[in-house]
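The block underneath contains the structure these notes are about, expressed in structure tokens.
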Ligand SMILES: Cc1cc2nc3c(=O)[nH]c(=O)nc-3n(C[C@H](O)[C@H](O)[C@H](O)COP(=O)(O)O)c2cc1C
Ligand code: SF4
Ligand code: SF4
Ligand code: FES
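Residue numbers (our numbering), protein chains in the order written: chain F, 1 to 178; chain A, 1001 to 1322; chain G, 2001 to 2447.
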């Protein structure tokens, strides 16, 4: 395997932030001294991901590079380094189940298995209806409240198979008609 | 000036000099191997850990030994420092371990690799490698990719020394390749299909210590030791035009910069003589060059030296006057 | 019940707002410091307190501050390390979520002491909602005159901002944090130069953990000497412990250093014993990178003395029979847990989180993970166990940053104390596989 982005999105036009988001982006850039605008990269990538379909396509990254006046390669390097950024288009909802020791001690393996069975996918895959992408994550800082998963900005803690079922149902309802 | 003792040999160097450069000032076999450090590239070094040495005494004022081995390429000397390189069993053992780490995921494709014979990893393996691998796992693999029509990337062979990244940063105005991902999945890539295309981008081939970045215009798959390296120069508007042309008969098979015994491009008239892409890739006709004489390949490499001597014995002897 | 210096008001309704926080004595330390103390005075109180960094290494905070270079005309930066990613550790999140103003207050006083006019909090990206809570607290502090220009008419200016990471444990390492804050990959820097001389944007920089910075508040309020009265010897003050694993009552506790481990685990005031009435098998007392302790070495040292929650007592016996207080991530294993599986799990964590810059860590962590995976899945050989020990010895101490050591120690300790369990996995491959209660993660790709 070699990482060369060849998906169909690569030649799409660059997206653009709304005027309102742009204000937020400018505020973030303003948190750093003159000439250190690159420091805003991480936060802006989070915003870009939220705004532009839950992932960072090549045009999105090129756009961010242009905004910050840096080389596109600097953005690709960062986006591939940090695990939170999706460089491939995921489902509408990304479930990230913590699999690290403390969560494993209280049953994260079973939760992962349960979701795998329920959605008929393996970790790393997206469900057939395109709604759920299941991922595993390393320690999310909720060790005392495990098993847990992260979905967007939310932590769902003290999971049980029953709670997972409920969560999946709610999320499916929320997203299936969009 | 500060005084340092390396493997029982004393040397005086400027304050701030690294242990490795102090050792290079002494020269010979007490110089630690360096796979990632490249003196002409700012910021390089510290990554491969092959240059680890033991500091038996930190300085004259604080003669305590340093508890850990240190990377000689990025540790500055202190006055009165005592360093052990080849006189330390610990260094030897840990260097062997680093060599093993570098080799576990390295393909065993030396027989088909263009770099064979001038590969620093091959040398390192020869000097510090174990006879048999203890690695029973699957090696990580990547597909070779073309970075434009001039450069080929065999990521399998890369040791992530970052030299090519520094080169692109420091020699070209736009870097288009870099390191993607992280950990043992880290890889050199352009991420999007893109040629590294810039007047000086070809230098990434010269700095690569292994066969990960190779010259696609290298006309013929030939072992380098069958070629005759000649120092040659040309009138060039972009670079100093001082290169080594690698010949087979009357034909130029490839062009490289002039490398010193550490594999680094030499300084000529006080400037590092990086060559431009035109000289490297396009001037493959003997008439384009003024041949100055045979090039002595003065690497520490056991493998390559034997080979070149077989080829060039008489002429190189003449040249060095020995 | 021990004294609470940080979490005393954590459960007061509305404490996350400026108003309630202020009513409960918040921002007193800023008033005291800026109006009655010089930066040097604050520094002296911190030195007198004996506070040791709460991020894991336990380096005395006052001493660290004294190393900060102060060249003329060059800005200095204080960075708060809220990257909290060491498995087992979730105390900083608790503090920021519950009483964000305590961190903001600590940042103001600490920045004042260090002479910084611009400070940043670097928080792990996954804590995005916590970032929003802290950002709100920062905004409130600005609008109430505790941040910005000429704070409380003292002539001291400070800007404070919070920035997210993007999912990388390594960015908790201070130089990786700095790189990340500069918008780059989180590759730790080669030291020297140290951040105290050349840190963020090449300027002198101090990096401190969330809890360390929050602790500056009570130290300034009550005086360093008063703070130092709590605890035992060089382990002064209180410490947040995030307890997890198979405990009856996992959670974040503020303890006075010196509490006995036995009381912490078994008393109803704290963790309430092992969950479901089981027996304890092992304990990792300070975050995943510290050595695991087998049952007989948890509440007692090898010498038979009571093991206490202090830097010294937990380390008693060195790596042979001791461990470390580390970040305070207290992980407890009950009798049903498999040490091999957990060791593999931790090894996988470190392999996943290695930045990949230096060869011993990049290659060594991946190698250990694969060997452990094989043993756990019934495909190990006896010689693999020695191979593991050998690999981790060759990673340890040979890397750019301590992640290499952090990856090596847990494996070394597990083999040291639980060798038979590894051997059992080799000699009983079928049963070993059956013990893998979940099949899920066994075939999962690394990334
Ligand atoms: C791999 C690695 C990860 C670390 N992660 C954290 C972390 O998440 N939070 C933290 O406060 N310190 C972490 N540290 C320790 C920091 O490098 C640094 O020592 C600490 O933030 C200093 O703060 P303190 O002196 O207040 O403890 C980590 C260190 C290493 C080597
Ligand atoms: S491609 Fe060559 S020069 Fe570049 S990082 Fe890999 S080994 Fe080093
Ligand atoms: S020890 Fe690991 S994490 Fe640290 S610099 Fe080296 S490769 Fe990166
Ligand atoms: S040459 Fe020093 S670490 Fe690579």
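Glycine included, C-beta positions come from ideal geometry on N, C-alpha and C.
Let me know the secondary structure DSSP gives residue 2359 of chain G once reduced to three states.
helix
9 Å Cβ cutoff, residue 1192 of chain A in contact with chain G
Residue 1192 of chain A is outside the set of residues whose beta carbon lies under 9 Å from a beta carbon in chain G.
With 9 Å as the threshold, decide whether the Cβ of residue 2136 of chain G is near any Cβ in chain F.
no
Classify residue 1237 of chain A as buried or exposed, calling it buried when 16 or more other Cβ atoms lie within 10 Å of its own Cβ.
exposed
With a cut-off of 9 Å, does the C-beta of residue 1170 of chain A fall near any C-beta of chain F?
no
By how many angstroms is the C-alpha of residue 1076 of chain A removed from the C-alpha of residue 1005 of chain A?
13 Å
Do residue 2358 of chain G and ligand 3 come close, with the Cβ less than 8 Å from some heavy atom?
yes
What are the complete alpha helix (DSSP H) segments, minimum 4 residues, inside the region 2020-2057 of chain G?
Listed in chain order, the alpha helix (DSSP H) runs fully inside the region 2020-2057 of chain G are 2028-2036 and 2039-2049, counting runs of at least 4 residues.
Is the closest heavy atom of ligand 6 to the C-beta of residue 2193 of chain G under 8 Å?
Ligand 6 is not part of the structure shown, which contains ligand 1, ligand 2, ligand 3 and ligand 4 as its ligands.
Heavy atom of ligand 4 less than 8 Å from the Cβ of residue 48 of chain F, yes or no?
no
Over the uninterrupted alpha helix (DSSP H) stretch that includes residue 2344 of chain G, give me the two end residues.
2339-2353
Quick check on the DSSP output: the beta strand (DSSP E) that includes residue 1194 of chain A runs from which residue to which?
From DSSP, residue 1194 of chain A is part of no beta strand (DSSP E); its letter is neither H nor E.
State the Cα-Cα distance for the pair residue 2009 of chain G and residue 2152 of chain G, rounded to the nearest angstrom.
24 Å
Cβ closer than 7 Å: which chain A residues qualify as neighbours of residue 2076 of chain G?
By Cβ distance, chain A contributes nothing, its closest Cβ being about 23 Å from residue 2076 of chain G, past 7 Å.
Under 9 Å, do residue 131 of chain F and residue 175 of chain F count as touching if we go by C-beta distance?
yes
Short Cβ contact (9 Å threshold) for residue 1071 of chain A with residue 1064 of chain A:
no
What residue range does the alpha helix (DSSP H) around residue 108 of chain F cover?
108-119
Take the Cβ of residue 3 of chain F as the centre, count every other Cβ of all protein chains shown within 10 Å, and call the residue buried at 16 or more, exposed below.
buried
Does residue 1247 of chain A come out as helix, strand or coil in the three-state DSSP assignment?
strand
Given residue 1060 of chain A, which residues of its chain have a CB within under 7 Å of its CB, disregarding the five upstream and five downstream residues?
1079 and 1080
Can the beta-carbon of residue 2173 of chain G be found less than 9 Å from the beta-carbon of residue 2401 of chain G?
yes
So, does the CB of residue 1186 of chain A fall closer than 9 Å to a CB anywhere in chain G?
yes
Using only the heavy atoms of ligand 1, determine whether one of them is closer than 8 Å to the beta carbon of residue 2067 of chain G.
Not so, every heavy atom of ligand 1 lies at least 8 Å from the Cβ.
Three-state secondary structure (DSSP) of residue 1301 of chain A
Confidence at residue 1301 of chain A is low in this model, with a pLDDT of 49, below 50, so the placement of that residue should be treated as unreliable; the coordinate-derived value is given next. Three-state DSSP puts residue 1301 of chain A in coil, outside helix and strand.
Span separating the alpha-carbon of residue 1214 of chain A from that of residue 32 of chain F:
41 Å
Identity of the residue in A:1031, A:1178 and A:1283 nearest residue 1161 of chain A by Cα
Check the Cα spacing between residue 1161 of chain A and each of A:1031, A:1178 and A:1283: the tightest is with A:1178.
How about residue 2354 of chain G: is its Cβ closer than 8 Å to a heavy atom in ligand 3?
yes
How many whole angstroms separate the CB atoms of residue 1289 of chain A and residue 1117 of chain A, which I take to be in contact at a CB cut-off of 8 Å?
The Cβ separation is near 23 Å, so there is no contact.
So does the region 2121-2135 of chain G actually touch the region 2043-2056 of chain G, counting three or more Cβ pairs closer than 8 Å?
no
Can you check whether the C-beta of residue 1042 of chain A is within less than 9 Å of a C-beta belonging to chain B?
Going by chain labels, chain B is absent from the structure shown, which instead holds the protein chains F, A and G.
Pairs of beta-carbons, one from the region 2040-2047 of chain G and one from the region 2311-2324 of chain G, closer than 8 Å: are there three or more?
no
Residues bridged to residue 2316 of chain G [DSSP beta-bridge criterion]
DSSP output for residue 2316 of chain G lists no bridge partner at all.
Name all residues in chain order for which at least one heavy atom of ligand 2 lies closer than 6 Å to the residue's CB.
A:1158, A:1159, A:1160, A:1161, A:1162, A:1163, A:1164, A:1188, A:1207, A:1208, A:1209, A:1210, A:1212 and A:1213
Could you tell me the boundaries of the beta strand (DSSP E) in which residue 2082 of chain G lies?
In the DSSP annotation of this structure, the continuous segment of the beta strand (DSSP E) that includes residue 2082 of chain G starts and ends at 2077-2082.
First through last residue of the alpha helix (DSSP H) which encompasses residue 23 of chain F:
19-29
Boundaries of the alpha helix (DSSP H) in which residue 2015 of chain G is found, first to last residue:
From DSSP, residue 2015 of chain G is part of no alpha helix (DSSP H); its letter is neither H nor E.
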